[in-house]
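Undergrad: Mind having a look at this structure? Questions to follow.
There are 2 protein chains.
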Amino acid sequence: MNDSNNRRFNVAVVGATGAVGETMLSILAERNFPVGKLVPLASERSAGGTVGYRGEEYVIEDLAGFDPTGIDIALFSAGGGVSKEYAPKFAAAGAVVIDNSSAFRYDDDVPLVVSEVNPEAAKLRPRGIIANPNCSTMQMLVALAPIHRAYGIERINVATYQSVSGAGRSALEELARQTGALLAFQDADPRRFPVQIAFNLIPHIDDFLDNGFTKEEMKLVWETRKILGDESIQVNPTAVRVPVFYGHSEAVNVETREKVSAAQARALLASAPGVKVVDERKPGGYPTPVTHASGHDAVFVGRIREDLSHPRGLNLWIVSDNIRKGAALNAVQVAELVAAGG
Amino acid sequence: MNDSNNRRFNVAVVGATGAVGETMLSILAERNFPVGKLVPLASERSAGGTVGYRGEEYVIEDLAGFDPTGIDIALFSAGGGVSKEYAPKFAAAGAVVIDNSSAFRYDDDVPLVVSEVNPEAAKLRPRGIIANPNCSTMQMLVALAPIHRAYGIERINVATYQSVSGAGRSALEELARQTGALLAFQDADPRRFPVQIAFNLIPHIDDFLDNGFTKEEMKLVWETRKILGDESIQVNPTAVRVPVFYGHSEAVNVETREKVSAAQARALLASAPGVKVVDERKPGGYPTPVTHASGHDAVFVGRIREDLSHPRGLNLWIVSDNIRKGAALNAVQVAELVAAGG
Numbered sequence: 108m109n110d111s112n113n114r115r116f117n118v119a120v121v122g123a124t125g126a127v128g129e130t131m132l133s134i135l136a137e138r139n140f141p142v143g144k145l146v147p148l149a150s151e152r153s154a155g156g157t158v159g160y161r162g163e164e165y166v167i168e169d170l171a172g173f174d175p176t177g178i179d180i181a182l183f184s185a186g187g188g189v190s191k192e193y194a195p196k197f198a199a200a201g202a203v204v205i206d207n208s209s210a211f212r213y214d215d216d217v218p219l220v221v222s223e224v225n226p227e228a229a230k231l232r233p234r235g236i237i238a239n240p241n242c243s244t245m246q247m248l249v250a251l252a253p254i255h256r257a258y259g260i261e262r263i264n265v266a267t268y269q270s271v272s273g274a275g276r277s278a279l280e281e282l283a284r285q286t287g288a289l290l291a292f293q294d295a296d297p298r299r300f301p302v303q304i305a306f307n308l309i310p311h312i313d314d315f316l317d318n319g320f321t322k323e324e325m326k327l328v329w330e331t332r333k334i335l336g337d338e339s340i341q342v343n344p345t346a347v348r349v350p351v352f353y354g355h356s357e358a359v360n361v362e363t364r365e366k367v368s369a370a371q372a373r374a375l376l377a378s379a380p381g382v383k384v385v386d387e388r389k390p391g392g393y394p395t396p397v398t399h400a401s402g403h404d405a406v407f408v409g410r411i412r413e414d415l416s417h418p419r420g421l422n423l424w425i426v427s428d429n430i431r432k433g434a435a436l437n438a439v440q441v442a443e444l445v446a447a448g449g
Numbered sequence: 108m109n110d111s112n113n114r115r116f117n118v119a120v121v122g123a124t125g126a127v128g129e130t131m132l133s134i135l136a137e138r139n140f141p142v143g144k145l146v147p148l149a150s151e152r153s154a155g156g157t158v159g160y161r162g163e164e165y166v167i168e169d170l171a172g173f174d175p176t177g178i179d180i181a182l183f184s185a186g187g188g189v190s191k192e193y194a195p196k197f198a199a200a201g202a203v204v205i206d207n208s209s210a211f212r213y214d215d216d217v218p219l220v221v222s223e224v225n226p227e228a229a230k231l232r233p234r235g236i237i238a239n240p241n242c243s244t245m246q247m248l249v250a251l252a253p254i255h256r257a258y259g260i261e262r263i264n265v266a267t268y269q270s271v272s273g274a275g276r277s278a279l280e281e282l283a284r285q286t287g288a289l290l291a292f293q294d295a296d297p298r299r300f301p302v303q304i305a306f307n308l309i310p311h312i313d314d315f316l317d318n319g320f321t322k323e324e325m326k327l328v329w330e331t332r333k334i335l336g337d338e339s340i341q342v343n344p345t346a347v348r349v350p351v352f353y354g355h356s357e358a359v360n361v362e363t364r365e366k367v368s369a370a371q372a373r374a375l376l377a378s379a380p381g382v383k384v385v386d387e388r389k390p391g392g393y394p395t396p397v398t399h400a401s402g403h404d405a406v407f408v409g410r411i412r413e414d415l416s417h418p419r420g421l422n423l424w425i426v427s428d429n430i431r432k433g434a435a436l437n438a439v440q441v442a443e444l445v446a447a448g449g
């Protein structure tokens, strides 16, 4: 952002009481976003309560009754249904909407932006709406975009290890509750997920589609192509929920047009925006959700090594905080692009 | 086994107090293995204690002072060092050693046997030693061998999700202890693993090698080729420890010489020995470690779907009890092959 530009922006945060909404507020403060008026919004149920921002308490307003006139930037993270209903109203009133749901991601006239990857796309927003990608796509592309630009990625095979925070606050509570129950020799009693998540894995995120993939898996396919602007990239994903609170991890194999050595990839990623390489080939010399992801902004990349099964294959282990870079941080970074006149 | 053959076998279980050793004893009983004399063996530290078998207590003898004369079959699961020292002595005394460690797996004159995949290999054992494969290879090949035979596998990309029981009893204790500590707001205090495993992932199992892969990963490469008897199969593995007590899971992508549809793969696997297909494309319609692996003999396969990124690619989600099929059960099944005159 241009520090000499003293303009301030009235910011609405829709879904302010959620895991992502709360993090959006703290990241706006951390990054000194030029907030004029701040309006936290939520459903009627949460309205009247308060959220903290820069040491002050803000009363949460009811989204349904709110008049968006005068809002410059609206950060939405309250689910697809809420976005579909209210984002167009905010946009019609003149706000730029940055939407964290999947409601508009695949619309041709809505840009899908990762701030380090395709910031220029944020400028073209005919509907006044910019979509924030899915968390697992976001972190994967921060790491893969530099490789794609330098060597050309033809194919991506990815297996995810996704934390429960990606499924919201109720999922965090479910993992904590089930873990406590099982340690006390009680039943796990699954509620939020179809089967027990504590000490277990669930190879199923979002709905199943006709091709046998889940919607979460197809997001990795659709969003990768849209963000990199290359429909020829082949993506084959498996998405798995793991009993981790915060931080998504991904075992990624890419095949490039031009051969890239592990050393070349390491050097390229070491200077890539938003990426931190942690790759020492010794105990602890790799990123993990607890040691690297939780509360950190970067996308961490380790286990960089050449594919044993393909002459132009490369393996990466990618870890990031799905609530920060995977959602709230990128939304605020996109707001910064908008504020900077983008 | 031939039921009309009334011969009984004197069986030694080396490492009888370990997670795998205990399961070997219960599987010998479950499957009515024709045990004559049973001798549980362990280190001096455990000697003098007892283990249960068919409702009776057996005193554990000290391996170091034990004379193997008269033992017909010795099941070893006490680590590579113990196997290297004692397995040849048991074999020299006339026993057939079935060894669960990696000490002899890559020796040309030691067969590496998965009972459903290459049972004939158990007959050729010039050193009197048969090796049991690594748990992650074992379950993968029970599912992949039928596909390889019918369609020819050229390449395997696998990301594992391995439970802590694969690292032994101390690892089970570490996950339980750390989980309890963290729920009580205390430090995880990593001891058994280099970083916290509770609510975390560790992309590192066994030592790092010069090529950047871990030894656990290379076992998947070396053992797949040896067991399938095909050095042309390309394998590219990522091995990750997950906070699950029992059951290993694997996201597997294979490329075959001939195209195999998801329906063909499902039909083939439905009748494959040792495999159970759980693949309903609805919530809960897939195997998970807790719902399917723990205490079950089969290798469970779900999420069967055609690769989006390759015309002859196929995806599978493979789950099995790493202590049973991945170790103790296969060892007993190999003992059955030996007992049947193999």
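Taken in sequence, the protein lines are chains F and X. In the numbering used here, each residue carries its 1-based index in the first sequence increased by 107. In the numbering used here, each residue carries its 1-based index in the second sequence increased by 107. Each residue gets a CB set at the ideal place from its N, CA and C atoms; glycine is no exception.
(1) Can you pull the chain X neighbours of residue 372 (chain F), defined as C-beta to C-beta under 7 Å?
(2) Mind checking residue 364 (chain X): buried by the 16 CB within 10 Å criterion, or exposed?
(3) Counting only Cβ-Cβ distances shorter than 8 Å, please list the residues of the region 301 to 314 of chain X near chain F, keeping chain order.
(4) Is residue 296 (chain F) close to chain X, meaning its C-beta is less than 8 Å from at least one C-beta of that chain?
(5) Would you identify the three-state DSSP class for residue 220 (chain X), choosing helix, strand or coil?
(6) Note the first and the last residue of the continuous alpha helix (DSSP H) segment covering residue 326 (chain F).
(7) Once DSSP output is grouped into helix, strand and coil, what is the label at residue 261 (chain X)?
(8) Could you say which of X:226, X:403, X:388 lies nearest to residue 423 (chain X) if we only look at CA atoms?
(9) Give a single yes or no on whether residue 295 (chain X) has its beta carbon closer than 7 Å to a heavy atom of the ligand PLP.
(10) If you compare alpha carbons, which of X:369, X:401, X:362, X:448 is closest to residue 419 (chain X)?
(11) Need the endpoints of the beta strand (DSSP E) that residue 183 (chain F) sits in, please.
(12) With H, G and I counted as helix, E and B as strand and the rest as coil, what does DSSP make of residue 433 (chain X)?
(13) The beta strand (DSSP E) with residue 229 (chain F) in it runs from where to where?
(14) So residue 341 (chain F) contacts chain X; which residues on that side make the cut at Cβ distance below 8 Å?
(15) May I ask you to list, following chain order, the residues of the region 349 to 382 of chain F that have a beta carbon less than 8 Å from some beta carbon of chain X?
(16) For residue 161 (chain F) and residue 133 (chain F), what's the separation of their Cα atoms in angstroms?
(17) Shorter than 8 Å from the beta carbon of residue 299 (chain F) to some beta carbon of chain X?
(18) Should the region 429 to 444 of chain F be regarded as contacting the region 114 to 131 of chain F, the criterion being three or more beta carbon pairs within less than 8 Å?
(19) Buried or exposed, going by whether 16 or more other CB atoms sit within 10 Å of the CB of residue 316 (chain X)?
(20) Show which residues of chain F have a CB atom less than 7 Å away from the CB atom of residue 286 (chain X).
(21) Report the rounded CA-to-CA distance for residue 150 (chain F) versus residue 184 (chain F), giving the unit in angstroms.
(22) In the DSSP assignment, the alpha helix (DSSP H) including residue 280 (chain X) goes from what residue to what residue?
(23) So the candidates are F:180, F:145, F:181; which of them puts its Cα closest to the Cα of residue 166 (chain F)?
(24) Answer yes or no: does any C-beta atom of chain F fall closer than 8 Å to that of residue 320 (chain X)?
(25) Quick check on residue 144 (chain F): does DSSP put it in helix, strand or coil?
(26) Can you tell me the Cα-Cα spacing of residue 353 (chain F) and residue 306 (chain X), whole angstroms?
(27) From residue 266 (chain X) to residue 137 (chain F), what distance separates their C-alpha atoms?
(28) In chain order, what residues of the region 246 to 272 of chain F put their CB closer than 8 Å to some CB of chain X?
(29) Whole beta strand (DSSP E) runs in the region 340 to 424 of chain F with 3 or more residues, listed along the chain?
(30) Under 8 Å, Cβ to Cβ, is there at least one residue of chain X near residue 218 (chain F)?
(31) Under 8 Å between the Cβ atoms of residue 445 (chain X) and residue 203 (chain X)?
(32) If you pair each beta-carbon of the region 237 to 253 of chain F with each one of the region 204 to 211 of chain F, do three or more pairs fall below 8 Å?
(33) Please report how far the alpha carbon of residue 159 (chain F) lies from the alpha carbon of residue 279 (chain F), in whole angstroms.
(34) Output yes if chain F places a C-beta closer than 8 Å to the C-beta of residue 390 (chain X); else output no.
(35) Does the beta carbon of residue 397 (chain X) sit closer than 8 Å to a beta carbon anywhere in chain F?
(36) Measuring CB atoms only, is the region 252 to 272 of chain F touching the region 342 to 349 of chain F, in the sense that at least three cross pairs come out at less than 8 Å?
TA: The answer reads as follows:
(1) Within 7 Å of the CB of residue 372 (chain F), no CB atom of chain X is found; the nearest one sits about 11 Å away.
(2) That one is exposed.
(3) Listed by position, the residues of the region 301 to 314 of chain X near chain F (Cβ gap below 8 Å) are 301, 302, 303, 306, 307, 308, 309, 310, 311.
(4) Judged by the 8 Å Cβ criterion, residue 296 (chain F) is not in contact with chain X.
(5) Residue 220 (chain X): coil per DSSP, three-state reduction.
(6) Its alpha helix (DSSP H) spans residues 322 to 335.
(7) In the structure shown, the three-state DSSP call for residue 261 (chain X) is strand.
(8) For residue 423 (chain X), the closest C-alpha among the options X:226, X:403, X:388 is that of X:388.
(9) As for the ligand PLP, it is missing from this structure, which has no ligand bound.
(10) Shortest Cα-Cα distance from residue 419 (chain X) to any of X:369, X:401, X:362, X:448 involves X:362.
(11) Counted as a single uninterrupted DSSP element, the beta strand (DSSP E) harbouring residue 183 (chain F) occupies residues 180 to 183.
(12) For residue 433 (chain X), the three-state secondary structure derived from DSSP is helix.
(13) Per DSSP, residue 229 (chain F) belongs to no beta strand (DSSP E) and is neither H nor E.
(14) What residue 341 (chain F) touches in chain X: 415, 416, 417.
(15) Answer in chain order: 349, 350, 351, 352, 356, 358, 360, 369.
(16) Between residue 161 (chain F) and residue 133 (chain F), the alpha-carbon positions lie close to 8 Å from each other.
(17) Chain X, which has no Cβ nearer than 8 Å to the Cβ of residue 299 (chain F), makes this no.
(18) In this structure the region 429 to 444 of chain F touches the region 114 to 131 of chain F; the number of beta carbon pairs closer than 8 Å is three or more.
(19) The residue in question, residue 316 (chain X), is exposed, as its Cβ has fewer than 16 Cβ neighbours within 10 Å.
(20) In chain order: 286, 290.
(21) Across the structure, residue 150 (chain F) and residue 184 (chain F) are spaced so that their CA atoms are roughly 12 Å apart.
(22) Residue 280 (chain X) -> alpha helix (DSSP H) spans 276 to 290.
(23) Here the closest residue by C-alpha is F:145.
(24) For residue 320 (chain X), the answer is yes, since a Cβ of chain F falls inside 8 Å of its Cβ.
(25) Reduced to three states, the DSSP call for residue 144 (chain F) is strand.
(26) Residue 353 (chain F) and residue 306 (chain X) have their C-alpha atoms some 9 Å from each other.
(27) Our two residues, residue 266 (chain X) and residue 137 (chain F), have alpha carbons roughly 37 Å apart in a direct line.
(28) Residues passing the 8 Å Cβ filter: 262, 263, 264, 266, 268.
(29) Within the region 340 to 424 of chain F, the complete beta strand (DSSP E) segments at least 3 residues long are 341 to 345, 355 to 363, 382 to 384, 406 to 413, listed from N- to C-terminus.
(30) Using beta-carbon distances, residue 218 (chain F) does not count as an interface residue toward chain X, since no partner is under 8 Å.
(31) Using a Cβ distance threshold of 8 Å, residue 445 (chain X) and residue 203 (chain X) count as a contacting pair.
(32) As far as the Cβ criterion goes, the region 237 to 253 of chain F touches the region 204 to 211 of chain F, which means the pair count is three or higher.
(33) Annotation: residue 159 (chain F) to residue 279 (chain F) spans about 21 Å, alpha carbon to alpha carbon.
(34) Yes, contact with chain F.
(35) It does; some Cβ of chain F falls within 8 Å.
(36) Enough Cβ pairs lie closer than 8 Å, so yes.
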